[in-house]
Amino acid sequence: MAQPLATRRSASGVPTGRLAIWWVLGSEIVIFGGLLGAYIILRQLYGHWSESAAHTNTVAGAINTFVLLTSSLFAVLAHQAAEKGQGTKAAGFLWLTIGGGATFLVIKSIEWTTEILNGFTITQSLFWSFYYTAAGLHGLHVIAGMVIMAIISLDCIRNKNLHRVELIGIYWHFVDVVWIFLFPLLYIAK
Amino acid sequence: MANTSHTADAHPHHEHHGHGTMHYVKIYLLLLVLFAISVAGPMLEIRVLTIITAFGIAFVKALIVCAYFMHLKIEKRFVHYVLYAMLLAVAMFFLGVMTDLMKPTGQNWVKDSAIKLIEDHKNNPGLSDPNYKPDPGAKESNAGKLPNQGNNP
Chain H
16 MAQPLATRRS
26 ASGVPTGRLA
36 IWWVLGSEIV
46 IFGGLLGAYI
56 ILRQLYGHWS
66 ESAAHTNTVA
76 GAINTFVLLT
86 SSLFAVLAHQ
96 AAEKGQGTKA
106 AGFLWLTIGG
116 GATFLVIKSI
126 EWTTEILNGF
136 TITQSLFWSF
146 YYTAAGLHGL
156 HVIAGMVIMA
166 IISLDCIRNK
176 NLHRVELIGI
186 YWHFVDVVWI
196 FLFPLLYIAK
Chain Z
288 MANTSHTADA
298 HPHHEHHGHG
308 TMHYVKIYLL
318 LLVLFAISVA
328 GPMLEIRVLT
338 IITAFGIAFV
348 KALIVCAYFM
358 HLKIEKRFVH
368 YVLYAMLLAV
378 AMFFLGVMTD
388 LMKPTGQNWV
398 KDSAIKLIED
408 HKNNPGLSDP
418 NYKPDPGAKE
428 SNAGKLPNQG
438 NNP
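Protein chains in written order, with the numbering used here: chain H, 16 to 205; chain Z, 288 to 440.
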């Protein structure tokens with residue numbers, strides 16, 4: 016049976032699926048851009064936030080940056096394998112990427128537990144509200160990416176819908192890019 | 288067949304770049320080097336160097352990921368326009384809000400709650416202590432709240 020028109024048409028010259036993921040990321044730019052923009056403004060306004068930022072765990076943030084960069088490499092290698100029609104290999108790289116996401120979340124949960132036990136809760140101050148909101152929203156995106164990758168990998172093993180590997184890869188790299196900005200904002204700038 | 292397979296044939300735009308695994312590994316290693324610099328730079332505790340190494344390099348890393356991992360470098364112009372439009376929306380928000388928030392007073396207006404908030408923090412010695420830890424059981428103070436929330440319970 017032929018595929019639906021929506022999956023074949025391409026008025027912009029970009030395949031529909033890929034165009035869709037770029038529009039999703041466009042909306043994500045506004046969401047994260049607005050959040051981080053507000054953080055930067057208030058951080059400039061209230062210099063004393065650096066005192067709160069001094070309590071964030073830079074080592075945990077740095078390890079998570081390394082983990083996400085590495086997972087991005089796996090995601091692009093999954094895409095490369097999918098382009099060659101190597102579904103099983105692509106699925107393998109997708110699961111390595113999922114592993115990176117899981118490692119990120121484990122480190123994040125340990126970090127948050129320590130901070131909450133020390134009294135740095137989301138209601139403690141506006142800095143910590145931003146910290147948990149930004150990192151939490153990012154964490155939700157990591158979870159969403161992992162779930163979608165797991166679903167796509169099932170098709171990959173059967174060598175079906177391999178183009179979706181590229182789409183989830185683009186999304187995952189965006190999640191990585193968001194963290195690249197969150198890391199200096201929340202962990203480095205003391 | 289209900290589920291027609293998609294393979295690389297459906298995406299000719301990516302076929303011509305033909306990058307091997309080593310290409311991506313090299314970019315990854317470059318990202319790791321930049322990451323190391325972004326962590327090490329701020330340790331010198333020189334403000335300008337911190338801004339350059341932490342934030343400047345963050346931009347460079349993000350651009351490299353976008354260009355090579357997300358393949359924006361070879362993506363259609365239309366996608367670039369979509370992303371630029373969204374970045375413009377963020378920039379407009381940033382500039383609009385910043386001008387309102389950055390100053391607690393203007394020629395014809397005064398934000399009392401913002402001034403009070405700033406004074407509250409100046410008078411709170413705990414926030415100036417690097418070893419300060421809040422009492423987990425303590426009630427939330429006005430410190431750190433948004434200016435217009437300063438007097439809320």
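Note that CB positions come from ideal geometry on N, CA and C, so glycine has one too.
The model shown is predicted, which means the values in this text are computed figures rather than measured ones.
Under three-state DSSP, which class holds residue i?
i                : result
Thr112 (chain H) : helix
Thr73 (chain H)  : helix
His293 (chain Z) : Note that His293 (chain Z) scores 45 on pLDDT, short of 50, meaning its location in the model is unreliable; the coordinates nonetheless yield the value given after this. Reduced to three states, the DSSP call for His293 (chain Z) is coil.
His156 (chain H) : helix
Pro329 (chain Z) : helix
Gly134 (chain H) : coil
Asn176 (chain H) : coil
Pro417 (chain Z) : Confidence is the limiting factor: at Pro417 (chain Z) the pLDDT is only 49, short of 50, which leaves the residue's position unreliable, though a coordinate-based value still follows. It is coil, neither helix nor strand.
Lys99 (chain H)  : coil
Val335 (chain Z) : helix
Asn410 (chain Z) : coil
Glu43 (chain H)  : helix
Ser86 (chain H)  : helix
Gln139 (chain H) : coil
His94 (chain H)  : helix
Pro30 (chain H)  : coil
Tyr61 (chain H)  : coil
His310 (chain Z) : helix
Ala117 (chain H) : helix
Ala204 (chain H) : coil
In chain H, what lies closer than 7 Å to residue i by C-beta?
i                : result
Lys348 (chain Z) : Ile195
Met385 (chain Z) : Ile56
Lys363 (chain Z) : Ser27, Gly28 and Val29
Leu336 (chain Z) : Under the 7 Å cutoff, chain H gives no residues; its nearest Cβ is about 12 Å from Leu336 (chain Z).
Val366 (chain Z) : Val29 and Trp37
Leu318 (chain Z) : Leu84
Under 8 Å Cβ to Cβ from residue i, same chain only, skipping five residues before and after it: list those, please.
i                : result
Thr129 (chain H) : Asn72
Val29 (chain H)  : Trp37
Residues of chain H with CB under 9 Å from residue i, in chain order?
i                : result
Thr392 (chain Z) : Within 9 Å Cβ-Cβ: nothing; Thr392 (chain Z) doesn't reach chain H, min ~13 Å.
Ala309 (chain Z) : One detail in the question is off: residue 309 (chain Z) reads as Met in this sequence, not Ala. Ordered by position in chain H, no residue passes the 9 Å Cβ test against Met309 (chain Z), which lies about 11 Å from the chain.
Tell me the DSSP bridge mates of residue i?
i                : result
Thr392 (chain Z) : Z:Val397
Given that residue i touches chain Z, what residues does it touch there, using C-beta distances under 7 Å?
i                : result
Trp38 (chain H)  : Val369
Phe108 (chain H) : By Cβ distance, chain Z contributes nothing, its closest Cβ being about 10 Å from Phe108 (chain H), past 7 Å.
Ile77 (chain H)  : Here residue 77 (chain H) is Ala; the residue named in the question, Ile, does not match the sequence. Correct list: Val326.
Thr216 (chain H) : Given a span of 16 to 205 for chain H in the structure shown, any question on residue 216 (chain H) remains unanswerable.
Val192 (chain H) : Ala349, Val352 and Cys353
Ile185 (chain H) : Met357
Ser168 (chain H) : Within 7 Å Cβ-Cβ: nothing; Ser168 (chain H) doesn't reach chain Z, min ~15 Å.
Using the beta-carbon of each residue, which ones in chain H are nearer than 8 Å to residue i?
i                : result
Ala341 (chain Z) : Pro199, Ile203 and Ala204
Leu388 (chain Z) : Ile56, Leu57 and Leu60
Val377 (chain Z) : Ile44, Val45, Gly48, Gly49 and Gly52
Skipping 5 residues on each side, what residues in its chain have a beta carbon closer than 7 Å to that of residue i?
i                : result
Ile402 (chain Z) : Pro391
Ser168 (chain H) : Ala106, Leu109 and Trp110
Val157 (chain H) : Gly116, Phe119, Leu120 and Val190
Tyr202 (chain H) : Thr71, Thr73 and Gly76
Leu83 (chain H)  : Gly115, Phe119, Asp191 and Trp194
Phe135 (chain H) : His70 and Trp143
Thr340 (chain Z) : Ile324, Ser325, Gly328 and Pro329
Among residues of its own chain, excluding the 5 on either side of residue i, which ones have a beta-carbon nearer than 6 Å to its beta-carbon?
i                : result
Ala105 (chain H) : Ala93, Ala96, Ala97, Cys171 and Val180
Val39 (chain H)  : none
Thr337 (chain Z) : Pro329
Gly307 (chain Z) : none
Determine the chain Z residues that contact residue i at a beta-carbon separation under 8 Å, and present them in chain order.
i                : result
Gly114 (chain H) : Chain Z residues near Gly114 (chain H): none, gap ~16 Å exceeds 8 Å.
Gly41 (chain H)  : Val369, Leu370, Ala372 and Met373
His188 (chain H) : Val352, Cys353, Phe356 and Met357
Phe81 (chain H)  : Leu319 and Phe322
Ile137 (chain H) : Those within 8 Å of Ile137 (chain H) in chain Z number zero; the least Cβ separation is about 10 Å.
Ile163 (chain H) : Going along chain Z, no residue has its Cβ under 8 Å from Ile163 (chain H), so there is no contact; the nearest lies around 16 Å.
Leu92 (chain H)  : Thr308 and Tyr311
(Q) Extract the residue ranges of the beta strand (DSSP E) inside the stretch 342 to 370 of chain Z, only unbroken runs of 3 or more that lie entirely within it. (A) For the stretch 342 to 370 of chain Z, not a single whole beta strand (DSSP E) run of length 3 or above is found.
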